[in-house]
Amino acid sequence: MTTARLRYGRASLAFGFLVQGVTFALLVTRIPAIQDRYGISDGLLPAFLAAVPVLAGVASVATEKVVARVRPGVVLRWAQPVVMLALLGVGAGGEVWQAALALGVFGLAVGALDASMNMMGVSLQRAYGRSIMLGFHAAYSLGGIAGASMAWAGAHWDLSLLVSYLPAVAVLLPAVLVGSRWYAEGDVPRGVAAGAGPGGAAPGKGPSVPFRLLLPLCLVMSFAYIGDSTVSNWSAKYLQDVLGSSEQLATVPYNVYMVTTLLGRAVGDLGVRRFGAVGVVRAGSVLAAVGFAVVAVAPGAWWGMLGFTLLGLGLCVIVPQTFAAAGRMFPGASDVAVARLNVFNYVGFLVGSPLVGALGDAWSYRGAMLVPMVLVLATLVYARSFGADPARYGGGHERARAADVG
């Protein structure tokens with residue numbers, strides 16, 4: 007039976023995911039404005055952009071150590087306001103060093119935030135005994151759409167960065183602090199904390215997460231984010247320069263990708279409950295690969311947009327299910343597993359855009375699209391790591407007949 011505590015915890019965590027989607031979109035969609043405000047050169051900009059995921063990866067590793075003493079809910083309660091205040095700092099500064107400081111704080115806080123949010127999501131899914139992880143990431147996608155829309159309005163009305171950011175932070179920051187009162191986590195399965203099964207701990211030692219067991223999921227996470235960063239960084243350029251679309255039409259694919267990501271995640275949990283995590287991940291991988299193939303051979307802009315639509319529907323299920331699989335694989339050490347897995351989110355983000363750009367310049371952008379296609383297809387090799395085929399949640403604590411009251 008799902009308790010009120012867990013239902014409130016699920017709702018408050020979903021709101022935290024939504025707010026993070028808004029915040030991150032407000033930052034990344036205004037990068038040209040940030041560059042202009044601080045006079046950052048084109049040569050220096052990649053260093054600024056790379057520093058954020060690098061610092062986030064460092065913070066994710068540090069969060070693994072912190073949550074051994076402080077629960078993930080406490081980390082999330084303080085990390086999310088810091089992320090939002092760092093966003094304001096980016097908008098309020100005037101010197102390059104101020105931008106560097108604000109982005110550095112943003113990166114460190116976002117690493118702790120991403121890790122702790124997904125730790126709590128995995129814990130709540132375990133308590134519910136059925137797939138709910140995709141719903142949290144659907145809330146993030148919805149926040150991303152809202153944040154991108156706010157950023158568009160700010161750019162359209164020629165508002166300063168601070169004026170664009172301040173209303174969102176002023177409304178969402180107090181709401182997040184209030185909502186954090188209801189953060190909740192599930193309990194570790196009985197017998198696991200003492201060392202039973204993967205992720206157990208020997209007496210006097212911390213929980214064990216052998217990297218060789220986690221490696222398949224780390225690779226899948228990297229492949230998924232290489233695909234995602236390809237869309238976010240290259241879809242507009244590809245449509246305009248390769249497929250000959252107008253500048254206005256070139257802005258559409260990423261918006262379509264975000265909407266289809268939201269739609270896919272909104273129904274994804276039902277798919278996992280019906281077909282199992284392995285089946286959903288396999289289907290998503292094949293659909294994403296077909297999307298990249300369509301983009302690579304598209305004769306025109308509308309075919310290209312069809313490819314990006316398929317990409318959104320396919321890629322959207324992989325990342326949430328990868329976090330969920332880590333929780334099932336290491337039920338007694340899910341926090342540690344999620345923190346380490348989260349690092350490969352940033353690895354994929356760092357590798358994806360430069361990889362496609364280098365291949366596009368040296369070979370062709372059509373050919374470059376085949377590389378993330380092959381990497382996404384490689385997920386099929388590791389699909390068994392997501393759990394047994396008949397499982398709808400994948401753990402021994404599955405409650406197949408639990409009523410959906412939350």
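Numbering (this note's numbering), first residue to last: 7 to 412.
For every residue, glycine included, the Cβ atom is placed at its ideal position computed from N, Cα and C.
The structure presented is a predicted model; accordingly, all values stated were derived computationally and were not measured.
Closest Cα partner of residue i within the set the options
{"i": "T328", "options": "L317, V349, W309, L316", "result": "V349"}
{"i": "G306", "options": "A108, C322, R372", "result": "R372"}
{"i": "V64", "options": "G113, R77, V286, V76", "result": "G113"}
{"i": "F314", "options": "A368, S166, L365, V265", "result": "V265"}
{"i": "L61", "options": "V111, G15, L383, F142", "result": "V111"}
{"i": "N351", "options": "P360, V362, V325", "result": "V325"}
{"i": "M227", "options": "V382, A39, L33", "result": "V382"}
{"i": "R75", "options": "R288, D341, P360", "result": "D341"}
{"i": "T267", "options": "A176, L168, F142, L249", "result": "F142"}
{"i": "A181", "options": "L24, F392, Y263", "result": "L24"}
Simplified DSSP assignment, three categories, for residue i
{"i": "A115", "result": "helix"}
{"i": "C444", "result": "The requested residue 444 is not part of the displayed model; the chain covers only 7 to 412."}
{"i": "V198", "result": "Low per-residue confidence applies at V198: pLDDT is 48, beneath 50, and the placement is therefore not dependable enough to give any value."}
{"i": "W369", "result": "coil"}
{"i": "V102", "result": "helix"}
{"i": "Q254", "result": "coil"}
{"i": "F336", "result": "coil"}
{"i": "V323", "result": "coil"}
{"i": "P216", "result": "coil"}
{"i": "R346", "result": "helix"}
{"i": "I232", "result": "helix"}
{"i": "R136", "result": "coil"}
{"i": "A190", "result": "coil"}
{"i": "W163", "result": "coil"}
{"i": "T315", "result": "helix"}
{"i": "T328", "result": "helix"}
Under 8 Å between C-beta atoms of residue i and residue j
{"i": "F229", "j": "T385", "result": "yes"}
{"i": "V88", "j": "M125", "result": "no"}
{"i": "G127", "j": "L50", "result": "no"}
{"i": "Y189", "j": "L91", "result": "no"}
{"i": "V28", "j": "G160", "result": "no"}
{"i": "M375", "j": "V301", "result": "yes"}
{"i": "L5", "j": "G192", "result": "Outside the modelled stretch of the chain, which goes from 7 to 412, sits residue 5, for which no answer is possible."}
{"i": "A331", "j": "A283", "result": "yes"}
{"i": "A121", "j": "A345", "result": "yes"}
{"i": "A118", "j": "A85", "result": "yes"}
{"i": "G414", "j": "L178", "result": "For the chain, the structure presents residues 7 to 412; residue 414 sits outside this window and is missing."}
Any non-hydrogen atom of the ligand FAD within 7 Å of residue i CB
{"i": "G250", "result": "Among the ligands in the structure shown, none appear at all, so the ligand FAD cannot be discussed."}
Euclidean distance between Cα positions of residue i and residue j
{"i": "I138", "j": "A368", "result": "43 Å"}
{"i": "V102", "j": "A56", "result": "16 Å"}
{"i": "L12", "j": "G135", "result": "12 Å"}
{"i": "L109", "j": "R280", "result": "42 Å"}
{"i": "S235", "j": "G354", "result": "8 Å"}
{"i": "Y44", "j": "Q104", "result": "9 Å"}
{"i": "A98", "j": "V175", "result": "13 Å"}
{"i": "R196", "j": "P337", "result": "Here R196 scores only 45 on pLDDT, less than 50, and its place in the model should not be relied on; the value that follows carries that caveat. Answer to the nearest angstrom: the Cα atoms are 10 Å apart."}
{"i": "A17", "j": "G290", "result": "26 Å"}
{"i": "S155", "j": "N261", "result": "10 Å"}
{"i": "L94", "j": "L183", "result": "17 Å"}
{"i": "L32", "j": "S214", "result": "38 Å"}
{"i": "S252", "j": "T9", "result": "53 Å"}
{"i": "L276", "j": "S166", "result": "42 Å"}
Test: residue i CB closer than 8 Å to a CB of chain C
{"i": "S186", "result": "Among the protein chains of the structure shown there is no chain C, as only one such chain exists."}
Can you list the alpha helix (DSSP H) stretches of 4 or more residues lying completely in the segment 20-96, in chain order? Listed in chain order, they are 37-44, 51-72.
Ranges of the alpha helix (DSSP H) found wholly within the segment 371-395, counting only runs of at least 4: The qualifying runs are 371-374, 376-383.
Could you give the uninterrupted runs of the alpha helix (DSSP H) lying entirely in the segment 280-305, keeping only those of 4 residues or more? 283-303
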